[in-house]
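Listed in order, the protein sequences are those of chains A and B. Residue numbers for the first sequence follow full-length UniProt numbering, so the first one is 1 and each next one is one higher. Residue numbers for the second sequence follow full-length UniProt numbering, so the first one is 1 and each next one is one higher. Glycine included, each C-beta is placed from N, C-alpha and C at the ideal position.
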Amino acid sequence: MAVTNIVLAGLGGQGVVKASDLLSTTAFNAGFEVKKSEVHGMSQRGGSVTSDVRFGEKVLSPMVPMGEADFLLVFESSQVDINRGWLKPGGVLIAPEAIPEGALRNRKSLNVAILGALSVMLDFDEDQWIRSIHTCLAEKLHTVNEQAFALGREVGQKMGRAKETEGV
Amino acid sequence: MASTERLLLSGNEAVALAALHAGVKLGTGYPGTPSTEILEAFDLIGGPAQWAPNEKVALEVALGASFAGARSLTTMKHVGVNVAADPLFTAAYIDMTGGLVLVSADDPGMASSQNEQDNRHYARAAIVPMLEPADAQEAYDFTLAAFELSERWKVPVILRMTTRICHAKTEVRPGPERPSSIQPGYERDIPGRVMIPAYARPAHHKVRAKMEEIAQWNEQSDLNRIYPGDRSLGIIASGVAVMHAREAAPEATMLALGLTWPLPMQRIKEFVASVDRCVIIEEGDHLLYEALKVEGLDVEGKPEMYRFSELNVPRVRRILSGDTTPEAKPPRGKPPELCKGCSHREVFEALSRMDCIVAGDIGCYTLGVLPPFEAMDTCVCMGAAIGVGLGLRHTLPDDQARRVVSVIGDSTFVHSGLTGIAEMVYNPPPTGHVVLIVDNSTTAMTGRQEHPGTGRSLNHEPANKMDFAAVCRAMGVKNVEVVDPQKPDEDFEGRLRAMMEKDELSVMIAERPCILAAPLIRKFEKAQEEKQAQCAAAMTD
């Protein structure tokens, strides 16, 4: 099986690293080899942050090569254009606009909503994702993030249908 | 033997787990990206971990633990090793008792550092063995191996990691615990540990002999691995470059070096002879390439342009194809900035209005150099604000000298500022000087670690608290004031202007907790109050 490459991008404080933890935990628990890496440090001062997650039967480098991402998840509109180069031709972009403004009880769970949209395009059970939410997040955040995840799944399903229509 | 337990760990977490399994009795270091999480993780899983005021002290404490027969771990970022270099170079001459491992976490590409130094140089310069893991599993395995090497040859060992090892999560299958057979207890060894010239001269010969023995052992060591492949291309690599190269050239045969100093030269020669073309893939300087060229080996290095920044799969492909055309610039992201509500904002707004010449330092407040403030003129290394400010004051014309102020953070002040204050008091410039300590009650930049000025230890339990104002007064600074820059009635700017107008020695402490740390600090304080109340209640029962 080829390696699946996912780049997550946003600004410090948006939960980019937390989302990549959730994603990599889910892939890891599904039995894949997983590597994820990002650069910490200055990022927590509101600067740009990206995190790379790669999974498959065998993964070597922990960094997604430029132009080879299957999915690009962006949590802040201003970060879409500068990160577009990560995507391979035909790769899927999930931008923050995919999650309608006001649809989330708390916009802080945008990261998990975007993972919800991604989740319908990957082969992990919904239960595995929920388990990751439970293991990676504090208990008081479970409900709000499960709701955000469910909302994201609806969005992802629509995106999938739109893509199918496009294909026709 | 690896177990069936399967964990997804960062390299830093893997080192912490290995330290626990190695029975480390003391973990000490100073926070610095990308090394910080090692000691935090070690503490979380029950290891004894503490922050030292700086890396030099950390290594010295670790040495003491080793002399006492205990395994000790000391962690720091690449530039931290510069601070610890003084004890390191002599520690190499001394017989370690308990295993001592120093983790150097390098930052190629400078995600959060002031330079891009390649700490592989330290192994050669200080005469110390060096291990370089290629992923978190190796970080775990090599940490354990490093303690065993350290005790077998009685040498300090450097485990050199980089950002993509420290902060990359990969699968780790931990093994059983492998503690030391040495029990803590004191045994005197004057010629072995007292480095006066008479004892140091033979010690130098001894450490060179140890390194020859280790090099010999390294020829057969399984810390280095061959990945078999096509003989037309051979690659020699270490660290994360191993992974990039295996992906970039899956058909190649590879020698992945784990114990990268002293080198297993015979094995390398055999490898080079066994392939048609041999390319060295190394991140940073051309160190391995140069070492092999000195031996007369027919190997290729990388073009000079790849010395800079991190390697990755596309860059390794370019090196292998000899491509030196200009690279596409990486996406330019949004630079970091001081948080909304951060009190450094008020400080740098004032310094900007006052048209100060600001000798700056290392921390969040270095962001005062960026717009809209642009209120910093120099930043060199931890603590340099004070020395550089004094040098400027000594030599600038008076009207310019009076504009000079040194700005240093609280953790940085403890790390390397005290000797600067001693210099200021001892050699005062004719116009006096003003040092501004921006005290936000935490080591903010690296993720809010405690330090001797916060009154809490690494695990946030109460500790003795260093009083900066009292220290500065005791050292002989004439004017010392403490002010909250966010309280208008405390008139931070007015008082700073008044200080700048005096030709005297002054320290102003701008005290306001980091806006991100403040809720945590309140939580720690509340927990402490509750504990004290419980104790008091128990006493009265």
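Contacts of residue i in chain A (Cβ-Cβ under 8 Å)
i      : result
M305/B : Per Cβ cutoff of 8 Å: no residues; M305/B is ~17 Å from chain A at best.
P228/B : Here the premise fails: no neighbours, minimum Cβ distance about 16 Å.
Any C-beta of chain A under 8 Å from that of residue i
i      : result
A168/B : yes
M243/B : yes
R522/B : no
L320/B : no
A126/B : no
P326/B : no
M1/B   : Since pLDDT at M1/B reaches only 46, below the 50 mark, its modelled position is unreliable, and the value read off the structure follows with that caveat. Cβ-Cβ to chain A under 8 Å: no for M1/B.
V103/B : no
T378/B : no
V240/B : yes
C364/B : yes
Any chain B beta carbon closer than 8 Å to residue i
i             : result
V92/A         : no
G167/A        : Legend: pLDDT at G167/A = 47, less than 50; position of this residue unreliable, value from coordinates given subsequently. No, its Cβ sits nowhere closer than 8 Å to a Cβ of chain B.
T4/A          : no
G12/A         : yes
L104/A        : no
residue 172/A : Any property of residue 172/A remains undetermined from this structure, which presents chain A solely from 1 to 168.
S132/A        : no
V16/A         : no
E57/A         : no
K158/A        : no
Partners in chain B for residue i, counting only beta-carbon separations shorter than 8 Å
i     : result
S47/A : In the sequence on display, residue 47/A carries Gly and not Ser. By Cβ distance, chain B contributes G333, K334, P335, P336, E337.
V7/A  : Going along chain B, no residue has its Cβ under 8 Å from V7/A, so there is no contact; the nearest lies around 11 Å.
Rounded C-alpha distance that separates residue i from residue j
i      : j      : result
M1/B   : D141/B : With a pLDDT of only 46 at M1/B, under the threshold of 50, the placement of this residue in the model should not be trusted, and no figure is reported.
T135/A : F124/A : 16 Å
L137/A : C364/B : 27 Å
V168/A : R161/A : In this predicted model, V168/A has a pLDDT of only 43, less than 50, meaning its place in the structure is not dependable; the value taken from the coordinates is given anyway. Approximately 11 Å, taken between the alpha carbons.
E530/B : A517/B : 20 Å
L73/A  : R107/A : 16 Å
A136/B : A18/B  : 11 Å
I114/A : I6/A   : 13 Å
H204/B : Y93/B  : 6 Å
A16/B  : P176/B : 14 Å
F413/B : A385/B : 10 Å
Q486/B : L496/B : 14 Å
D285/B : K502/B : 48 Å
S66/B  : L159/B : 17 Å
G387/B : T395/B : 13 Å
Beta carbon of residue i nearer than 8 Å to that of residue j
i      : j      : result
T454/B : T442/B : yes
P397/B : L505/B : no
A52/B  : T90/B  : no
A148/A : V112/A : yes
L223/B : I236/B : no
P184/B : A68/B  : yes
G32/B  : S309/B : no
D230/B : E247/B : no
F524/B : H460/B : yes
S24/A  : K36/A  : yes
M500/B : V435/B : no
V172/B : L20/B  : no
I38/B  : N12/B  : yes
I165/B : A139/B : yes
V299/B : I280/B : yes
K88/A  : D70/A  : yes
Chain-ordered neighbours of residue i on chain A, where CB pairs are closer than 7 Å
i      : result
L367/B : R45
L8/B   : S24, T25, F28, V34
P314/B : P65, M66
T443/B : Those within 7 Å of T443/B in chain A number zero; the least Cβ separation is about 13 Å.
T163/B : V39
Contacts that residue i makes with chain B (C-beta to C-beta distance below 7 Å)
i     : result
E33/A : E171
L60/A : M243, R246, E247
Any chain C beta carbon closer than 8 Å to residue i
i      : result
E139/A : Within the model displayed, chain C is absent; protein chains A and B are what it includes.
Note down, in chain order, all residues in the stretch 72-97 of chain A with a beta-carbon under 9 Å from any beta-carbon belonging to chain B. Within the stretch 72-97 of chain A, the qualifying residues are E76, S78, Q79, D81, I82, N83, R84, G85, W86.
Going along the stretch 408-427 of chain B in order, which residues come within less than 7 Å of chain A, judged by CB to CB distance? none
Mind checking the stretch 491-517 of chain B against chain A and listing, in chain order, the residues whose C-beta falls within less than 9 Å of any C-beta there? Cβ contacts with chain A: L516.
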